[in-house]
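Counting in UniProt numbering, the sequence shown runs from 1 upward without gaps.
Ideal placement from N, C-alpha and C gives every residue a C-beta, glycine not left out.
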Amino acid sequence: MLKKLVNDLKSLQTNLREIPALIIDDEADQASVNTTRPKKARDKEEEKERTSINGYISTLLTLMPRAQYVAYTATPFANVFVDPEDSQDLFPKDFIVSLTPSPAYMGGKDFHDLDVPGHEVGGVSGLVKGENLRA
1 MLKKLVNDLK
11 SLQTNLREIP
21 ALIIDDEADQ
31 ASVNTTRPKK
41 ARDKEEEKER
51 TSINGYISTL
61 LTLMPRAQYV
71 AYTATPFANV
81 FVDPEDSQDL
91 FPKDFIVSLT
101 PSPAYMGGKD
111 FHDLDVPGHE
121 VGGVSGLVKG
131 ENLRA
């Protein structure tokens, strides 16, 4: 699907640089994370190897510079470890928002004893609570 979209956009005669777009990734911890083994680039210009979906999303964002990429996930840990130095990757550089879970949500606190002293899990810097967002 993404391959066809990228190829169709590349074949258009329209200047895509002026078209705003919103790309929503509703499972951002799955296929969109670049999980290839990082290789040492000989220089900054060398193209990094990418997984298929990651590469197509990166290409979409390059083709459409006014596009905004919004990623949603219930498990953001994979996204936090994306290489922030890789300008073509999908690192959450602007913000990470923690949404308030529904009362029916069951997560780590329900299945693990997180109240044991000395077993604290470190936080994520730059985390923004959902209720503190302003338009």
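Contact check, residue i vs residue j, beta carbons under 9 angstroms
{"i": "residue 32", "j": "residue 54", "result": "yes"}
{"i": "residue 29", "j": "residue 77", "result": "yes"}
{"i": "residue 70", "j": "residue 34", "result": "no"}
{"i": "residue 63", "j": "residue 23", "result": "no"}
{"i": "residue 151", "j": "residue 36", "result": "Since the first and last residues shown for the chain are 1 and 135, residue 151 lies out of range."}
{"i": "residue 66", "j": "residue 104", "result": "no"}
{"i": "residue 101", "j": "residue 107", "result": "yes"}
Three-way DSSP call (helix, strand, coil) for residue i in this model
{"i": "residue 72", "result": "coil"}
{"i": "residue 33", "result": "coil"}
{"i": "residue 53", "result": "helix"}
{"i": "residue 98", "result": "strand"}
{"i": "residue 66", "result": "coil"}
{"i": "residue 135", "result": "Note that residue 135 scores 48 on pLDDT, short of 50, meaning its location in the model is unreliable; the coordinates nonetheless yield the value given after this. Residue state, collapsed to three classes: coil."}
{"i": "residue 8", "result": "helix"}
{"i": "residue 78", "result": "helix"}
{"i": "residue 89", "result": "coil"}
Residue i classed as buried or exposed, judged by whether at least 16 other C-beta atoms fall within 10 angstroms
{"i": "residue 15", "result": "exposed"}
{"i": "residue 72", "result": "exposed"}
{"i": "residue 90", "result": "buried"}
{"i": "residue 99", "result": "exposed"}
{"i": "residue 136", "result": "With the chain covering 1 to 135 only, the question about residue 136 has no answer from this structure."}
{"i": "residue 59", "result": "buried"}
Rounded distance between the beta-carbons of residue j and residue i, thought under 8 angstroms
{"i": "residue 2", "j": "residue 57", "result": "7 angstroms"}
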